[in-house]
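When we follow the working numbering, the leftmost residue of the sequence shown carries the number 2, and every step to the right adds one.
Only one structure is covered here, and it is reproduced in the block below.
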Amino acid sequence: MRSVFLYLVVAFCQLWSTAQAVDGAEEAKENKGISTSYLFERDILPILQQKCCTCHGEKVQKAELNLSSQSGVARGSSSGPVIVAGKPEESLLFEVVHDGLMPPSNSTEPLTPEETGRLQEWIAGGARFSQPDVVAEPAITEREVSQIMLLRCAVCHNGRVKEGGLDLRSRQSMLSGGKSGPAINLKRPSESLMLKKIHAGEMPPLRRLASASVKVIETAEVETVAKWIAAGAPLAAHRTERDPAEIESEVTDEDKQFWSFKSPVAHDVPRFESEHRIRNPIDAFVLEKLKGVGLTLSPDADRRTLIRRATFDLIGLPPTPEDVESFIKDPDPAAYEKLIDRLLESRHYGERWGRYWLDLAGYSDSDGVNAEDPIRHFAYRYRDYVIRSFNNDKPYDRFLLEQIAGDELVDYENAPDVTDEIYDNLVATGFLRMAPDGTYNGLTNFVPDRLDVIASEIDVLTSSVMGLTVKCARCHSHKFDPIPHRDYYSLAAILKGALDENDWLRPSKANQDFPLRGLTYVPSEEKAAWEAEQKRLKGMIEAIQTPLEARQRELVTAQLEKHLPQLPEILHEDLRAAALAPRDKRNEVQKYLVTKFEKLLKIDMDSLEELDPAFKELARDSFKQIKRLKSELNPNEPFIHALWDRGQPTPTYILRRGNYLSPGKAVDPGVPTVLADAVAPYSVIPPWEDSRKTGRRLAFARWLVDPRHPLTARVMTNRIWKHHFQHGIVKSLDNFGRAGQVPTHPELLDWLSIQFVERGWSIKAIHRLIMTSSTYRQSSEITEEHANRDLDNRLLSRYPLRRLEAEVLRDSLLFVSGKLDPTQFGPAERVERRDDGLVTSVGSEKGWRRSIYVLQRRSQSSTILEDFDLPQMAPNCVERTVATVAPQALHLLNNKMVHDWSRAMAERIIQDVGTDRTSQIQRAFALAVGRQPDAAELELVTQSFDELSAKWHATLPEPPASPAGNSVSLEQAAHEATAELGVQTLTNLCHALMNSAEFMYVD
């Protein structure tokens, strides 16, 4: 009975809950109907004034948003409209409030659920105001119309290209008109020539849309232009200086106090009672952190470990056995310091450290984006510039000046000759040309595509040099760092003189609408050599073609006279002229006649070869030679893959939500506001007297290399530190902002940054400081104390064990095998895709070049490099991943090329030490891992040699029968078989060493 009662109670509760839910739904429906009575001024504005108007009011308007008035709400923010009437889910204001993003947690109390619901209902009910028409439709001015003209018409009608003599970029130029008269008629607006052409569908011309990468002008845009002309074509409102209060509202004084936005401070070097392990201040800063957790520096590594570590770190190749033994036996107390100096002076140093910078620049030998992926034939100039700069220890401030604004450092256009300085300055600007760029193709060359290229270059510049994630501000103000939406477009304006989406140049495949983005200011001897080579090859081709064509004309003439009588006499002369005219010089009528009658007249090539077998042989040999010679012709006139200021940038506007169809306020070139006070003001002046260049990028570069700049020196020294110790002092290499990692040793980072500047921005000086410290010389052995107190080695209680990068691994394989071609600089070593799908570099009789010289094509990366984490540049790589995946081991174990290099290493060893087995094993270990095998290893390898020899011997075929009495042949065959057994056995050892962890890791 009791259970029945409980059942009835539960059932009643369920029925009551259902009834309550229904009542609630009905009440919600009623409320929803009432929601249309919500008015902004009465029901919404009080909430906004209390919770939002501190940052978005009349005085302070962060993100250009004013929520204190009807006009402000209607205008929206720099991210676009904030209210979509009837659609709360599409309204930005409701989105950020509902998701708890606004108001910020540190500024005021969030909206209550009731207030959030009221806001939602107000929007859903149509976002009603007490005076709906109080906001007048904004006046259309020259600004709005010029944006339409730039988007739809300025490709053919701009300051550089004036088809029909017409420039449509401004009111004045429209009134001036072109060959057909003024483009606009203010007295009779409807008769404006520009409107007539648009309405007739003549402009923009449909046949040119694809090649000019322009879309048809939209109806709303035509209406805007017509209204503007009808209103008298009013000028744009005069731009005023920004209100300091507005600037303060976007970036506060508190924002500027974040550690990375303040200039480095010279901290006192910590002092210790016992300083026997402190070789320089680096050790003192590191030791202070270690003492805090009860640790100290690990003992120094032995000399054999140190030379291997330092050599890989500085030149990316293993030390030779002779170098190892010489260093170990050197009695000089300064032997280690001398080793560092010798490695820093090596010509291979720039190949190693230049590769790191090429990652930051996003270096690639192809344009990417589309499947076509055309080759950048002269991108190698920038790669070579970087290598030379590192080898020469070019001061980092000069290095940046040249790469950001090399074209504005010297008047190359009026120089009598292209000097080494001019050449380097122009080549260096390739730094901002390395991002993927698909605008060589008309289908991927529209304004949004160009803006993507510009965005990529801004990302490259800010992530690599400034250590900031500025790209987040392209569509809205940065969510974490004080980088307003406006600041992003101020940076874009700095680049506008060279990268202007409305005045574009193609990276390749130039046409009448888009010239090539390349400069021909190459050394005169290079250009003369190219011209001479092209002339020589063309001369050789002509020398082969001349006798072939002469004989062909004789045969054609004979055939014509034989077969022409079959055709009307009126055609004879025309057919003779057509048949005897060179193929590439025939007009359309001649091409038609030949195509129609060559079979009948038997003057086609097959008939001629059948007529004269000797001619067939001559034609075959000639065509083969001509094909080979034409493959050697280089149609690409030498040029520099450069970036240069063109002097006439179009205005820059904030693009709301990053949308090119929603331009907001105009902005001037400028630097991030949060950094403006720490450095001398950003000031733009012409680079030289009467210069046509804007000087914007040069001013920015000089601002960047100001010794007081909070980021420039810190970011670079942090990167150098990372490549020596696996991680940076700030682990997030491209993010020194609030969302980035905090520095593990902030005082050390500041000290190093100040030293960097004081030592003339010398990168090699920072290497010496780091590598001569006890911190760098530590053993990599991990103890129980390390595991308990510094497991991830963030405090540097030991040296980190590191795997070789992709290029270093491949170069080391080539080095130990004796197949490394040391040729430096010049065009890249080409790659090919094999039938099995692998992509390999194509060597020469000298071997294979270092990996930095292998063609870096986006669609065709070398497989061995890709397997070992060669990054895809999209647009650059600030830090490589270190993955451990099966294809790595499989490649080293099974790849035929690796097997070939193993055999080459074996043959090299035999050439070095002969056939003595012990000497071979010792030499193999010395080459591969820089040491001698211990007794157990020597015994094991010797035993393996015997077993392998026996197995290989069993597989040898019986020697062929020798002629009677010819014992020499049998002995020779036996000798060759024995020698081959020795090579194959040693090859197996070499292959095993190449696959060993000791070969691939540096401790």
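Note that beta-carbon positions come from the ideal geometry of N, C-alpha and C, so glycine has one too.
- Cβ of Y800 within 8 Å of Cβ of S780? For the 8 Å CB-CB criterion, Y800 and S780 form a contact.
- Query: Using the C-alpha atoms, what's the distance from L705 back to L676?
  - Reply: In this structure, the alpha-carbon of L676 lies about 10 Å from that of L705.
- Query: Nearest to Q513 by CA position, among W123, E164, D868, is which residue?
  - Reply: Nearest C-alpha to Q513: E164.
- Task: Assign H724 to one of three DSSP states: helix, strand, or coil.
- Result: H724 carries a helical assignment under DSSP once its states are collapsed to helix, strand and coil.
- Quick one: what does DSSP say V855 is sitting in, helix, strand or coil? Note: V855 maps to strand in three-state DSSP.
- Would you kindly report the start and end of the unbroken alpha helix (DSSP H) that includes E833? Where E833 is concerned, there is no enclosing alpha helix (DSSP H), although the beta strand (DSSP E) it sits in stretches over 832-834.
- Item | Rounded C-alpha distance that separates H57 from E42 | Rounded to whole angstroms, H57 and E42 show a C-alpha spacing of 16 Å.
- Run through the region 393-448 for me and flag every whole alpha helix (DSSP H) of 4 or more residues, listed as ranges in chain order. Within the region 393-448, the complete alpha helix (DSSP H) runs of at least 4 residues are 397-406, 421-429.
- Item | N- and C-terminal bounds of the alpha helix (DSSP H) containing P747 | P747 -> alpha helix (DSSP H) spans 747-759.
- Query: Would you call S36 buried or exposed, if buried means 16 or more other Cβ atoms sit within 10 Å of its Cβ?
  - Reply: Any reading at S36 needs caution, since the residue's pLDDT is 43, under 50, leaving its predicted position unreliable; the model's value is listed next. With 16 or more other Cβ atoms within 10 Å, it is buried.
- How many angstroms separate the CA atom of A22 from the CA atom of G443? Low confidence applies to A22: its pLDDT is 37, below 50, so where it sits in the model is not reliable, and the reading given next is rough at best. Cα to Cα, A22 sits roughly 59 Å from G443.
- Unbroken alpha helix (DSSP H) runs of length 4 or more, entirely within the region 457-521: which are they? Listed in chain order, the alpha helix (DSSP H) runs fully inside the region 457-521 are 486-496, counting runs of at least 4 residues.
- Message: Check for me: the alpha helix (DSSP H) holding K528 runs from which residue to which?
- Response: Membership of K528 in the alpha helix (DSSP H) is indicated by the continuous run 525-564.
- In the DSSP assignment, find the alpha helix (DSSP H) that holds L656 and state where it starts and stops. For L656, there is no enclosing alpha helix (DSSP H); the enclosing beta strand (DSSP E) covers residues 653-656.
- Residues of its chain near F13, where Cβ-Cβ distance is below 8 Å and the 5 sequence neighbours each way are ignored: With a pLDDT of 40 at F13, under the threshold of 50, the modelled position of this residue cannot be trusted; read the value that follows with caution. Contacts found: none.
- Task: Assuming Q546 and I627 form a contact by the criterion Cβ under 8 Å, report the distance between their Cβ atoms to the nearest whole angstrom.
- Result: Taking 8 Å as the upper bound for CB-CB distance, Q546 and I627 are in contact here, some 7 Å apart.
- Message: Does the structure place the region 693-702 close enough to the region 721-735 that three or more beta carbon pairs sit under 8 Å?
- Response: The region 721-735 vs the region 693-702: no contact.
- Among R881, H746, D678, W849, which residue has its Cα nearest to the Cα of F286? Restricting attention to R881, H746, D678, W849, the CA atom closest to the CA of F286 is found in H746.
- Can at least three beta-carbon pairs, one atom from the region 631-640 and one from the region 377-389, be found at a separation below 8 Å? Because the criterion of three Cβ pairs below 8 Å is met, the region 631-640 and the region 377-389 touch.
- Message: Check whether chain B comes within 8 Å of G407, counting only Cβ atoms and requiring the distance to be less than that.
- Response: Protein chains in the displayed structure number just one, and chain B is not present.
- Spatial neighbours of V523 in its chain, beta-carbon cut-off 6 Å, leaving aside the 5 residues before and after: So the list reads P639, once near-sequence residues are dropped.
- Task: Kindly indicate which residue of G179, Y777, K188 has the alpha-carbon position closest to the one of A302.
- Result: Nearest Cα to A302 within the set G179, Y777, K188: Y777.
- Tell me the start and end of each unbroken alpha helix (DSSP H) in the region 893-969 that is at least 4 residues and wholly inside, in chain order. If you keep only unbroken alpha helix (DSSP H) runs of at least 4 residues inside the region 893-969, you get 897-914, 918-930, 936-956.
- Query: Taking DSSP as the reference, what is the three-state secondary structure of H158?
  - Reply: Three-state result, H158: strand.
- Item | Beta-carbon proximity of A474 to P485, cut-off 8 Å | For A474 and P485, yes; Cβs fall inside 8 Å.
- Given 8 Å, three or more beta-carbon pairs between the region 356-369 and the region 864-884: For the pair of segments examined, the region 356-369 was found to touch the region 864-884: the number of CB pairs separated by less than 8 Å reaches three.
- Best match in K592, L619, E611, L609 for proximity to P548 [C-alpha to C-alpha]: Among K592, L619, E611, L609, the Cα nearest to that of P548 belongs to L619.
- Could you give the DSSP three-state label for W762: helix, strand or coil? In this structure, W762 counts as coil in the three-state DSSP scheme.
- Message: Among the candidates G648, R356, E91, whose CA atom is the shortest distance from the CA of D691?
- Response: Per the Cα distances, G648.
- Task: With DSSP collapsed to three states, give me the class of G983.
- Result: Reduced to three states, the DSSP call for G983 is helix.
- Item | CA-to-CA distance, F816 to I898, given in whole angstroms | The displayed chain sequence assigns Met, not Ile, to residue 898. In this structure, the straight-line span from the alpha carbon of M898 to that of F816 is close to 14 Å.
- Task: Return helix, strand or coil for H57, following the three-state DSSP convention.
- Result: Three-state result, H57: strand.
- First through last residue of the alpha helix (DSSP H) which encompasses S632: Boundaries of the alpha helix (DSSP H) harbouring S632: 614-633, taken from the DSSP string.
- Query: For D284 versus S920, is the C-beta distance shorter than 8 Å?
  - Reply: No; because the gap between Cβ atoms is not below 8 Å, this pair is not in contact.
- Message: Please state the DSSP three-state secondary structure of G34.
- Response: Residue placement at G34 cannot be trusted, given a pLDDT of 42 that sits under 50; what the coordinates show is reported in the next sentence. In the three-state reduction of the DSSP assignment, G34 falls in the helix class.
- Does DSSP put Q567 in a helix, in a strand, or in coil? Q567: helix per DSSP, three-state reduction.
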